[in-house]
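Following: one structure in structure tokens, then a few remarks.
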Amino acid sequence: METVQISVNQQQHIKLPWGSFALCLVAYLFGGTASTLMATYLPIALPELLGRSASSEQVGEVGAWVSAAFLYGWMTGGLLFGPLADRLGRVRGLALATGLCGGAMLATVFVPNEYLLFLFRALTGAGVGGILLISTVYLSEVWPVTSRAIALGVLATAFPVGIVATGGLVSGFSDWRLAFCIGILPLTVGFLVWVFLPESALWQQGRSELSQNKPNLFSAENKPNLISGAIIFGSVLIGLWGIFSWIPTWVQSLLPPGQTGQAERGITMMLLGMGGIVGGVASGFLVARLGPRPTLLLTFTGCILACGLLFLTNHVFSTVVYVEVALLSLFFGISQGSLSSYVPTLFSPFIRATATGFCFNIGRLFTATAVLFVGSLTTALGGIGNALVVFSAAFLIAFGAIWIRE
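Listed below in structure tokens is the structure:
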């Protein structure tokens with residue numbers, strides 16, 4: 431399996447590449463906020479929608495479906511927006527994805543029951559899936575090869591910046607409906623992307639090639655990289671999203687009964703974001719110095735050890751939890767930044783968005799299904815911490831998939 435390297439410096443084609451980078455960064459940021467905002471507000475939003483008499487078991491079950499709906503939407507959006515971006519262009523695809531994310535967040539403000547919440551979380555997820563995919567592919571095509579890994583690593587930090595913003599919203603707004611009014615901002619960004627971003631010259635070149643040769647995503651040339659990329663990224667998603675979705679609930683379970691945990695949950699989400707920012711920035715430099723394979727092996731080892739330390743050694747809440755959450759999020763950030771720069775380069779431009787979308791999102795089918803079993807695992811294993819340790823085993827699969835690659 432060989433990485434496709436296309437050394438095209440497109441700064442000559444784009445008058446303001448930093449403007450393109452900035453809009454992609456902001457769209458990516460709102461993807462992080464959209465992804466984690468509802469997870470952080472679940473302990474107060476679901477009792478309001480279900481009725482104050484709802485049991486903790488009911489809240490947990492519906493919460494699992496909320497997370498699963500978002501992930502199924504994320505998967506669907508990532509798979510659909512890839513071919514859309516290959517056909518219509520990177521800019522149009524990114525604008526539509528960002529607008530969908532913002533519109534669905536605004537609609538969430540008015541949900542009267544859990545069923546419409548499932549729908550709007552799925553639509554929000556579809557928008558996020560498109561944003562993360564297309565912005566990564568777009569920048570991988572318009573940015574110079576020599577600093578591409580660093581640029582994509584910095585781009586990946588926008589997602590945890592969005593998580594930090596989530597923590598700030600939770601700390602500042604007790605009304606979850608008011609917090610979701612932030613959806614007006616990604617709607618605005620989508621409009622700016624449509625109007626101001628220049629199209630990728632590599633996409634335009636690939637479009638002319640596409641008219642002459644219809645590529646086969648599952649051809650002998652593409653299939654090995656497709657399978658490898660899907661296994662690695664999908665495994666990381668299972669571990670990462672299972673932990674991210676449920677860590678506010680885990681923090682709440684460590685607190686004494688009757689304590690709201692609003693500050694603790696908000697600070698935890700901010701630490702997850704800040705550690706991810708540092709990790710995302712570091713990922714570009716690590717990949718440039720060590721190469722993608724050693725960087726990913728080191729990262730997955732760190733994820734496994736940090737999960738064991740956090741979830742197996744803490745049975746009551748203390749400040750140590752904050753330190754260990756920050757350590758875990760550092761490795762999460764490195765993994766996302768490294769994979770964002772690694773996966774798109776496996777494929778040629780005229781199928782890059784489709785193939786990258788497949789690798790980024792096929793694992794979400796299994797991730798969304800696996801997240802549904804957190805409640806059952808919690809009961810069977812005697813605690814949500816033990817269940818999250820099981821989810822961290824997914825990093826072992828990713829480690830093995832990287833290890834066997836030549």
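In the working numbering, the protein residues as written are 431 to 836.
Glycine residues also receive a C-beta, built at the ideal position from the N, C-alpha and C atoms.
Please read all numbers here as calculations on a predicted model, not as lab measurements.
Point to revise | Residue interval of the alpha helix (DSSP H) (run including Q692) | key: 692–720
Note to self: Counting beta carbon pairs with one atom in the region 777–789 and one in the region 728–748, are three or more of them shorter than 8 angstroms?
What the structure shows: no
*If F451 and L526 are in contact, beta carbons under 8 angstroms, what's the gap, nearest whole angstrom?*
Not quite, the Cβ-Cβ distance comes to about 20 angstroms (not below 8 angstroms), so this is no contact.
Legend entry - Stretch-stretch touch, CB-based, cutoff 8 angstroms, three pairs: the region 607–615 with the region 501–521: no
* Hey, would you say the C-beta of L684 is under 7 angstroms away from at least one heavy atom of the ligand ZN? -> With respect to small molecules bound, the structure shown includes none, and the ligand ZN cannot be examined in it.
Could you name each continuous alpha helix (DSSP H) segment of 4 residues or more that falls completely within the region 602–651, going from the start of the chain to the end? 606–609, 614–626, 631–642
query = Thinking C-alpha only, which one of A831, Q634, C789, A824 is nearest L518?
reply = Q634
Cα-Cα separation, A693 to R782
42 angstroms
Next item on the list: Work out the CA separation of V496 and L818 for me, nearest whole Å.
Entry: 18 angstroms
Taking its Cβ as the centre, do 16 or more other Cβ atoms sit within 10 Å of T596, making it buried, or is it exposed?
buried
Using the Cα positions of Y458 and F741, report the straight-line distance between them to the nearest angstrom.
29 angstroms
Start and end residues, alpha helix (DSSP H) containing T679
653–684
Please check the pair G560 and G523, which I expect to be a contact at CB under 8 angstroms, by giving their CB distance rounded to whole angstroms.
7 angstroms
Exercise. For Q689, does the three-state DSSP call read helix, strand or coil?
Worked result: coil
Query - Delimiting residues of the alpha helix (DSSP H) encompassing F540 - result: Looking at the DSSP string, F540 is not in any alpha helix (DSSP H), and its letter there is neither H nor E.
Anyone know if the C-beta pair for G508 and F790 falls short of 8 angstroms? yes
For this session: Please report the residue range of the alpha helix (DSSP H) in which T749 lies.
Result: 749–772
Margin query: For V623, which residues in the same chain have their Cβ closer than 7 angstroms to its Cβ, ignoring the five residues on either side in sequence?
Written below: L453, A457, V521, L524, A525, T528
- Task: Check the C-beta distance from A660 over to I832 and give it rounded, since I have them as a contact under 8 angstroms.
- Result: In fact, because the Cβ distance is near 13 angstroms, the residues do not count as touching under 8 angstroms.
Task: Simplified DSSP state of V558, which is helix, strand or coil - done: helix
Anyone know if the C-beta pair for P774 and T566 falls short of 8 angstroms? yes
When the Cα atoms are used, what is the spatial distance from S675 to T466?
7 angstroms
*Under 8 angstroms by Cβ, that's how I've got L547 and L479 pegged, so tell me the actual separation to the nearest angstrom.*
7 angstroms
Inter-residue CB distance, A556 and L536 (contact presumed, cutoff 8 angstroms):
The Cβ separation is near 15 angstroms, so there is no contact.
Review point. What did DSSP end up calling G493 once you bin it into helix, strand or coil?
Key: helix
Exercise. Who are the near neighbours of Q488 in its chain, counting only those whose CB is closer than 7 angstroms to its CB and skipping five residues on each side?
Worked result: L480
Margin query: Looking at the secondary structure, which residues open and close the alpha helix (DSSP H) in which V746 lies?
Written below: No alpha helix (DSSP H) contains V746, which DSSP labels as neither H nor E.
(Q) Contact defined as beta carbons within less than 8 angstroms: I believe A586 pairs with Q766. What is the distance between those atoms, to the nearest angstrom? (A) 5 angstroms
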